[in-house]
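So the structure is just underneath, and the comments pick up after that.
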Ligand code: SF4
Ligand code: SF4
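Protein chains in written order, with the numbering used here: chain V, 1 to 371; chain L, 372 to 569; chain B, 570 to 912.
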């Protein structure tokens, strides 16, 4: 299955209009970027809306109700509100770092979406080191958080920033180890190949079944990376007011807020790609095409398949987001030492063990574990 | 080696236990998602204040005998009773009466101790104004009656727990006209008499 | 508050007292009427005493509920907060129906209570207690065994038995440290002896033990209210009224035991000569008043012993060497109300 090549079609279309392929290609370039920014923003906004609605439902409330149907306009209202709010910079702060901090966090999260595929060819760049690019970029974010915490000149902010850095660094490792086990099975770091390797038998070929331990480690680590309860120590409001965000307002705050939900969305997509078969349907879609006697290369079928793929990956991602939200509204927060204990003394050894077992299994059963 | 393995086993057991209890907690929150929200959407739905609710005070000018008991029992000596002794009829004549609801704590002492029952408490509780002096009600303003929640076509009245039928815990579940729990004394008397007759 | 008391008659002062501990309001009223009542030897009818007990125990549940919500919220879980408010709202609905206000009741009077219960109230109260018992199970399912919760509170903020006594702690703080001390059992006030209930206590003395003591007390209180509803002299108000009509003016139903107040206190009720200390077991601990009267309408001295203030003093010792996050857990488990700490 090759999927549709949008770029090719676009270039051909423009070439048909009498443009040179080079110009057409240049015209094509900003389009997917804009599209991805749009998708990510909408995804993040949808997550905030879901957060409100789900927490409301879990608490027997209604949640946003009057702003748009089912309160759907609430995220937009949020954005508008934060945009028109005054941005204050504390007098004693370091203004440059103070402004750069949230920007770094924001950009690093959005940059990671470069390698997230929504379908066979629906990805901005199929980088050979896809998974590790994400992990590498995501470790830039703590620098921004630290900057924000330091420059605010506020003890709560500083504590929050330090906690954020400590937390991200210690959970990066189990995260990478869990991802490594997956990579080992697919023999490739590219996100697309990882998904393709999970195709074939539908739901049965997904990595969850082959990597149950890795899946759990990845979920926990990813929750910690997103700084969500039970791991939201950097902004634990009962202890640190709001952590590194304490002094922020207006647009700067929006960047943090947006980045945290975009990060959640990113993590959900990663979970879907690495463990839940990405855009694959729970049943092999090629068989359906065979049964329906539709030639796989027909454009209608391609579009339908791509559409189904996008729906599937979003469904999986939002299922994970739902779980994360429900978890957030169920459990209390861990303490910083317990958090680090969990990361270093529990997840790390288990992650290593998992890697070892995967390697052993790969050697023993190359058929099932990607020889 | 055995020791190490058993340790790993304990570890695994702990982890499974932890996962189980977290799942149990999530089952509780998940279960709440399908329950009916208990929120009262305030301006569109309102609770009917209870019969004994102590809201804004109502005052009947003609009944008052200017005895000032209400002033003496009030924690802050709040009611202002302005009277003059009328020598002709040998009685105190009330000129004006006012209570400042910006200061009143709605304790109900004045109502309880007024000898002529000219004070009473209404069900009005939304006393917000733009200027706090507007809350200083004189005897005319004190004589006004508030609108009832049940008469307002804009709101859905809801009952408070104590006025719901027996066994109903949630106001949304029943209409506000439904009969509340408990029998009336008259009904108890009737049934007692019927029993003694039969 | 103490100075205000010295310039007010008891009647005038009563509406103020609910501001000490605004989450366990009935207890502040109870102590405010108990003090002059005992000094002046005013009798309390049995029915009034039962009504008081029902109200006090409901108030205890309300206070513990709110404590539970804030305690769990302090260590990071927000949802139980909404659950406890749902139940607390019901208690306040009941209070509003009986007293006229949700928090500032002004319901207790010297020699009884302000008014009898409204009709149907006992039925709904019974409904509520059954409902509450179910909900406590639900909270326990949500919270008690949660591994994160356990990790956060187990062994944190330990107070030994001796320390607890030396610091003068009271209430659940004391009982969680292994001291069986409950003024309801010790002082035999009101008619608590007629109810069948057990003192709740634990020996560990940490935050978890305090959590257990309070949650179990909620259950116990529910059961006490249910018993009191069954045993209250005259039964529900509607029944009492009916019996009075049936029995005629001379019936036994008009006797003092079935009244809700022995005699309505006059606005010029005098606090007699003498001094004494009166205490009740409030949800947070021993709430006491030291009263000196000199046969005038105003008390000469009105010293309040708030449980929150005294329990709070142990905090600096408990948080020494702990993590920041633990301060929240410990402070939460102490259960203080600033209204009575700085009264
Ligand atoms: S107590 Fe009643 S009758 Fe006496 S002055 Fe006050 S309002 Fe008038
Ligand atoms: S309700 Fe209370 S505070 Fe208000 S006027 Fe009457 S006695 Fe005074």
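Even glycine gets a Cβ: it sits at the ideal position worked out from N, Cα and C.
Cβ-heavy atom distance, residue i to ligand 2, below 7 Å
| i | result |
| --- | --- |
| residue 755 of chain B | no |
| residue 445 of chain L | yes |
| residue 479 of chain L | yes |
| residue 449 of chain L | yes |
| residue 475 of chain L | yes |
| residue 836 of chain B | no |
| residue 579 of chain B | no |
| residue 584 of chain B | yes |
Option in the options with minimal Cα separation from residue i
| i | options | result |
| --- | --- | --- |
| residue 103 of chain V | V:142, V:39 and V:168 | V:142 |
| residue 50 of chain V | V:355, V:216, V:31 and V:319 | V:319 |
| residue 95 of chain V | V:58, V:215, V:220 and V:252 | V:252 |
| residue 136 of chain V | V:225, V:100 and V:154 | V:225 |
| residue 686 of chain B | B:624, B:816 and B:885 | B:624 |
| residue 835 of chain B | B:866, B:774 and B:910 | B:866 |
| residue 84 of chain V | V:26, V:254, V:48 and V:232 | V:254 |
| residue 746 of chain B | B:883, B:710, B:680 and B:772 | B:772 |
| residue 322 of chain V | V:29, V:43, V:14 and V:32 | V:43 |
| residue 130 of chain V | V:146, V:144 and V:113 | V:113 |
| residue 510 of chain L | L:384, L:421, L:435 and L:380 | L:435 |
| residue 66 of chain V | V:317, V:174, V:75 and V:58 | V:75 |
| residue 499 of chain L | L:474, L:461 and L:481 | L:474 |
| residue 658 of chain B | B:757, B:850, B:697 and B:647 | B:697 |
| residue 708 of chain B | B:577, B:641 and B:906 | B:641 |
Neighbouring residues, chain D, relative to residue i (Cβ below 7 Å)
| i | result |
| --- | --- |
| residue 527 of chain L | The question asks about chain D, but that chain is absent: this structure's protein chains are V, L and B. |
For residue i, the three-state DSSP class (helix, strand or coil)
| i | result |
| --- | --- |
| residue 157 of chain V | helix |
| residue 19 of chain V | coil |
| residue 248 of chain V | coil |
| residue 438 of chain L | coil |
| residue 862 of chain B | strand |
| residue 271 of chain V | helix |
| residue 558 of chain L | helix |
| residue 845 of chain B | strand |
| residue 840 of chain B | strand |
| residue 748 of chain B | coil |
| residue 243 of chain V | helix |
| residue 94 of chain V | coil |
| residue 872 of chain B | strand |
| residue 892 of chain B | coil |
| residue 833 of chain B | coil |
| residue 526 of chain L | coil |
| residue 582 of chain B | helix |
| residue 448 of chain L | coil |
| residue 225 of chain V | helix |
| residue 456 of chain L | strand |
| residue 678 of chain B | strand |
| residue 759 of chain B | coil |
| residue 463 of chain L | strand |
| residue 582 of chain L | In the structure displayed, chain L extends from 372 to 569; residue 582 of chain L sits before or after that span and is not available. |
| residue 883 of chain B | coil |
| residue 277 of chain V | coil |
Those residues which DSSP pairs with residue i across a bridge
| i | result |
| --- | --- |
| residue 429 of chain L | L:491 |
| residue 851 of chain B | B:854 |
| residue 103 of chain V | Residue 103 of chain V pairs with nothing; no bridge assigned. |
| residue 509 of chain L | L:469 |
Distance cut-off 7 Å: residue i Cβ against heavy atoms of ligand 1
| i | result |
| --- | --- |
| residue 868 of chain B | no |
| residue 784 of chain B | no |
| residue 439 of chain L | yes |
| residue 490 of chain L | yes |
| residue 528 of chain L | no |
| residue 75 of chain V | no |
| residue 557 of chain L | no |
**Item:** Ranges of the beta strand (DSSP E) found wholly within the stretch 389-425 of chain L, counting only runs of at least 3
**Value:** With a minimum length of 3 residues, the continuous beta strand (DSSP E) runs that stay inside the stretch 389-425 of chain L are 416-418.
**Those runs of the alpha helix (DSSP H) which lie wholly inside the stretch 612-673 of chain B and span at least 4 residues** = List check, alpha helix (DSSP H) in window: 615-643 and 648-668.
**Those runs of the beta strand (DSSP E) which lie wholly inside the stretch 51-90 of chain V and span at least 3 residues** = Entirely contained in the stretch 51-90 of chain V, not one beta strand (DSSP E) run reaches 3 residues.
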